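**Student:** Going by the numbering used here, 69 is the number at position 37 of the sequence shown; the sequence numbering is gapless.
Quick one: the structure is below, questions incoming.
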Amino acid sequence: MQERYPRFEDALNDLDDALSMIHLFASLPALYSINTARTAVARRLVREWQYYIARTHALRKVFLSVKGVYFQAEVRGAVITWLQPWQFAQTIPSDVDYRVMSSFMDFYETLLRFVQFKLYATQGLTYPPNIRYAQHPGL
């Protein structure tokens, strides 16, 4: 992480693609090359991100499109935009190399954990947060 992002602000500025990919994986069903553990981790990271954004009132804009919902938040001066796909039954294309996507996910999961750890710490919160998902099924 430190080699690619020498400053924390650099990691924040590069978070757009990571968040969009993690939101995509969180909405995917288990596939032959994407197991349920991977989607569960993505869902947990999405919930933790949404919790932080809600807790800090960082959300600035929301835009609905055919692809899904675009969100924009301002976190420590960085404007971060990500896409959350619609929660419809998805047709999974067979010509996509999910192994390549999974390798990106490995990096993006690490990046988001690092960023969230730092963001939670600056707010005086513990990471990972103690969210009771059973009480909040929409999270």
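We put the CB at the ideal spot given by N, CA and C, even for glycine.
Please read all numbers here as calculations on a predicted model, not as lab measurements.
May I ask you to report which of helix, strand or coil DSSP gives TYR159?
**Tutor:** coil
**Student:** Using three-state DSSP, classify GLN34 as helix, strand or coil.
**Tutor:** When DSSP states are grouped into helix, strand and coil, GLN34 belongs to the coil group.
**Student:** In the DSSP assignment, what are the bridge partners of TYR81?
**Tutor:** A small fix is needed here, since residue 81 is Trp in this sequence, not Tyr. TRP81 is not bridged to any residue.
**Student:** CA-CA distance, ALA121 and ALA72?
**Tutor:** 17 Å
**Student:** Give the secondary structure of GLN119 by DSSP, where H, G and I count as helix, E and B as strand, and everything else as coil.
**Tutor:** coil
**Student:** Quick check on the burial criterion: 16 or more other C-beta atoms within 10 angstroms. Buried or exposed for ARG70?
**Tutor:** buried
**Student:** Pick helix, strand or coil for LYS93, following the three-state DSSP scheme.
**Tutor:** strand
**Student:** Look at the Cβ atom of VAL147, then the Cβ atom of ALA74, and state whether they are nearer than 8 Å.
**Tutor:** no
**Student:** Tell me whether the beta-carbon of ASP48 lies closer than 8 Å to the beta-carbon of THR88.
**Tutor:** no
**Student:** Give the list of continuous beta strand (DSSP E) stretches no shorter than 3 residues that lie fully inside the segment 121–145.
**Tutor:** none
**Student:** Go through its chain and collect everything with a Cβ distance to GLY100's Cβ below 7 Å, but skip five positions before and after it.
**Tutor:** LEU115, GLN116, PRO117 and TRP118
**Student:** At what residues does the beta strand (DSSP E) containing ALA25 begin and finish?
**Tutor:** Missing from the structure shown is residue 25; the chain here goes from 33 to 171 and no further.
**Student:** Do LEU91 and ALA105 have their CB atoms nearer than 8 Å?
**Tutor:** yes
**Student:** By DSSP, does ILE66 sit in helix, in strand, or in coil?
**Tutor:** coil
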